[in-house]
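Report on one structure; see the data block that follows.
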Amino acid sequence: MSHRTGSRLASLIAGAALAAALVVPATPAAATPTCTTSPRIDGSFIQPALVDGWSATQLSSELGTLTNACITSQVIQWTADTKASTTVYPSGLSGYTQSTSTDVVSRVLTAADSAGVAEYLGLQTNDDWWNTYANDTTWLNGQATAANALADDLYARYGTHTSFAGWYLPFEVDNWNFTSTSSWTAMATFYTTIANHLHALTPGKPVIISPFYNTSGGQTSTQWTSMWSSILASAPIDVIALQDGVGAGHATTAQLATWFSATKSAITSSRPATQLWADSETFNPDFTPMSTSQLIADLNAVAPYVTKTLSFSYDHYDSPLTVPAVYDTTYRNYLSTGAVESSAPTTPTGLTATAGGVTSVNLAWTASTDNIGIAGYRVYRGGALVKVIQGAVTGFTDAGLSPATTYSYKLAAFDAAGNVSAQSTTATATTSSAPAANPLISSGRSYTTSVGADPGYPDTGAAELTNGVTGTTSYSDAAWQGRNTGSAYSFTIDLGSTKTITQVGTSWLQTKSVYIFLPSSIQVSVSTSGSTFTPLVTMPAPNVSDADQRYTYAAYGLSGSGRYIRFTVTPASSAWSFVDEATVRGL
395 MSHRTGSRLA
405 SLIAGAALAA
415 ALVVPATPAA
425 ATPTCTTSPR
435 IDGSFIQPAL
445 VDGWSATQLS
455 SELGTLTNAC
465 ITSQVIQWTA
475 DTKASTTVYP
485 SGLSGYTQST
495 STDVVSRVLT
505 AADSAGVAEY
515 LGLQTNDDWW
525 NTYANDTTWL
535 NGQATAANAL
545 ADDLYARYGT
555 HTSFAGWYLP
565 FEVDNWNFTS
575 TSSWTAMATF
585 YTTIANHLHA
595 LTPGKPVIIS
605 PFYNTSGGQT
615 STQWTSMWSS
625 ILASAPIDVI
635 ALQDGVGAGH
645 ATTAQLATWF
655 SATKSAITSS
665 RPATQLWADS
675 ETFNPDFTPM
685 STSQLIADLN
695 AVAPYVTKTL
705 SFSYDHYDSP
715 LTVPAVYDTT
725 YRNYLSTGAV
735 ESSAPTTPTG
745 LTATAGGVTS
755 VNLAWTASTD
765 NIGIAGYRVY
775 RGGALVKVIQ
785 GAVTGFTDAG
795 LSPATTYSYK
805 LAAFDAAGNV
815 SAQSTTATAT
825 TSSAPAANPL
835 ISSGRSYTTS
845 VGADPGYPDT
855 GAAELTNGVT
865 GTTSYSDAAW
875 QGRNTGSAYS
885 FTIDLGSTKT
895 ITQVGTSWLQ
905 TKSVYIFLPS
915 SIQVSVSTSG
925 STFTPLVTMP
935 APNVSDADQR
945 YTYAAYGLSG
955 SGRYIRFTVT
965 PASSAWSFVD
975 EATVRGL
């Protein structure tokens, strides 16, 4: 499957949503580390939107958080978007506008000057990369030209900052989409064009790239070595900061040595001066903070092969400004003691479950305690883990359930180190019955879409949404149509005449191993004219296990009318979303 295998953009969109939803509790202060503990994180990526939303005080505090955690470098992931023709600073580039409300580059460099943090400036991002890769050399050469012009502009404006330490090239090479020697040659030319320019512009300042792999397919580690041996034979890249892939679900800790040693072999054979760094992921596949114990296990696995470790990303997944402070506290406790603490939280008590209606159950419990602090709770439904709640909360609503169904729940508390309590006693509740179903009125009806399906996973005959054919849990099933976008899109069904709407549903696929996610929400709106729509209901993402599955978003007991029914889909991230059916019932 040729797919976008999980970019940083995907993880941080979700991470930003996590930060916005959290109430961050205070935790006990950790002892000041001496920065001698090994392995440890040396740097962190940060995305411009996070900085843009911070005050000067918050930005200064964030750099203090980094230095307190022995993190001495930071990478601004990108400074421009050549597809959107935007920058995150007031540039002098022709045709570009500023997408941020503040000068992100100036603010970060100025704060880093004072904090003693080394800053690497990312050049441009461009979402077309995830479809074009190295297959269009004209496009790729144009991006190299744009990168050099961007670097010239950045250096002219910010080159005197003492914190300015080097450059980062955001285009991420992977083991799925660069299988031909011609693509290797194209990437070597791309890298060489930019690196030579940057080395002449800023002698002694390194150029960093950060490729990734997904062990579910694509090149083997041996083929990966061949690719990088070929590229590095001519491309003067100073640093390969290899993404470990554990947080994205692309690899396990046990697989890291194979891929890092393969990369090291390529460096040794073709360009020994190139440094191999780790880019360790500090998030989980569900875009929540990774436990300290998992992080340290990953760092230990790659330690024999690397000279430095960046993170993706302490700023977004460990900072007290974005997640519960207990994550930062626990990591600094590790730095101070040299070991990850191992005391489990107490077991949650007093769990109750109460039906909240046709599709939801409300849970409540008495908080657990922990020697450093509670990071959150795991919710088990019918024995399966369906939700990881971040924060020291004592209540949760499980939504998206089926009507007239009995559900049983257990709860376990966890801390930031990864220690988990015993499970609570069981609480049970039964959802209410749904109103009697009216006839299906959408079968075979025509529809329009705002974003077409990907050619690899098409909407055959422009009829799949209403033809009654459902897909299996395999994304290769022809009943599914797929889209790869992080932006909202919609499909609008024409019922032929105005109808009373009482129930809606739409079915989606989850295959997390290849970044097919259930949408974060689906809003249904109605219209009699097809031009002005009135919201009818919003269906949030369900709480489900990580297993491959087909899930139907449904709403019952509605009271609306219209000829045109619009389903507006908000994807969970910049990844894939696969749909097979949309149904409308009414009279």
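Counting from 1, position 352 in the sequence shown corresponds to residue 746 in our numbering; the numbering is continuous, with no gaps.
Glycine is no exception: its CB is placed at the ideal position from the N, C-alpha and C atoms.
| Asked | Found |
| --- | --- |
| Is it right to say A415 is buried, meaning 16 or more other beta carbons lie within 10 angstroms of its own, or is it exposed? | Residue placement at A415 cannot be trusted, given a pLDDT of 40 that sits under 50; the coordinates are not used to answer. |
| Closest by CA to F972, which one among R979, S455 and Y945? | Y945 |
| Let me know the secondary structure DSSP gives S577 once reduced to three states. | helix |
| Less than 7 Å between C-beta atoms, sequence neighbours within five positions excluded: which residues of the same chain meet that for T964? | A882, P913, S914 and S915 |
| Taking F972 as part of the alpha helix (DSSP H), name the residues at either end of that continuous run. | Where F972 is concerned, there is no enclosing alpha helix (DSSP H), although the beta strand (DSSP E) it sits in stretches over A969 to G980. |
| So, T647 versus A691, is the Cβ gap smaller than 7 Å? | yes |
| Return the bridge partner residues of L704 from the DSSP annotation. | G437 and D673 |
| When you compare the stretch 586 to 598 with the stretch 533 to 544, are there three or more beta-carbon pairs, one atom per stretch, that lie closer than 8 Å? | yes |
| For T473, which of helix, strand or coil comes out of DSSP? | coil |
| Less than 8 Å between the CB atoms is what I'm expecting for V898 and T843, so what's the real figure, rounded? | Wrong, their Cβ atoms sit about 17 Å apart, outside the cutoff. |
| Starting from E735, trace the beta strand (DSSP E) both ways and give me its first and last residue. | Careful: E735 lies outside any beta strand (DSSP E) and carries neither H nor E. |
| Would P829 be called buried (16 or more neighbouring beta carbons within 10 Å of its own) or exposed? | exposed |
| In three-state terms, what does DSSP make of T866? | coil |
| Do you know offhand how far W448's Cα is from V469's? | 17 Å |
| With a threshold of 16 other CB atoms inside 10 Å of the CB of V640, please say whether the residue is buried or exposed. | buried |
| Can you check whether the CB of T461 is closer than 7 Å to the CB of A509? | yes |
| If the criterion is Cβ atoms closer than 7 Å, does the pair A749 and A823 meet it? | yes |
| Any contact of the stretch 471 to 479 with the stretch 518 to 531, i.e. 3+ C-beta pairs under 8 Å? | yes |
| Would you call the stretch 681 to 688 in contact with the stretch 709 to 726, where contact means no fewer than 3 C-beta pairs closer than 8 Å? | yes |
| If you draw a straight line from the alpha carbon of T922 to that of R957, how long is it in whole angstroms? | 5 Å |
| Which first and last residues belong to the alpha helix (DSSP H) in which V445 is found? | P442 to D446 |
| Would you check if there are 3 or more beta carbon pairs closer than 8 Å linking the stretch 835 to 850 to the stretch 926 to 937? | no |
| For the beta strand (DSSP E) containing M933, list its first residue and its last residue. | T928 to P934 |
| Excluding five sequence neighbours on each side, which residues of the same chain lie with their C-beta closer than 6 Å to the C-beta of G765? | Note that residue 765 is Asn in the sequence shown, not Gly. Same-chain partners within the cutoff: S737. |
| May I ask which residues mark the beginning and end of the alpha helix (DSSP H) holding Y552? | T531 to Y552 |
| Taking T668 and I634 to be in contact with their CB atoms under 8 Å, please state how far apart those CB atoms are, rounded to whole angstroms. | 6 Å |
| Note down the Cα distance separating W759 from A769, rounded to an integer number of angstroms. | 15 Å |
| Could you please give the first and the last residue of the uninterrupted beta strand (DSSP E) stretch that includes T748? | T743 to A749 |
| Under three-state DSSP, which class holds G789? | strand |
| Buried or exposed for S467, going by 16 or more other Cβ atoms inside 10 Å? | buried |
| Any heavy atom of the ligand COA inside 6 Å of the beta-carbon of A512? | No copy of the ligand COA occurs in the structure displayed, which carries no ligand at all. |
| To the nearest angstrom, report how far apart Y725 and Q471 are at their CA atoms. | 23 Å |
| Give the single residue among K599, T491, P833 and A806 whose Cα lies nearest to the Cα of T820. | A806 |
| According to DSSP, is P912 part of a helix, a strand, or is it coil? | Note that residue 912 is Leu in the sequence shown, not Pro. Looking at L912 - three-state DSSP - the assignment turns out to be coil, as it is neither helix nor strand. |
| With DSSP run on the structure shown, which of helix, strand or coil describes S802? | strand |
| Could you tell me the boundaries of the beta strand (DSSP E) in which W561 lies? | F558 to L563 |
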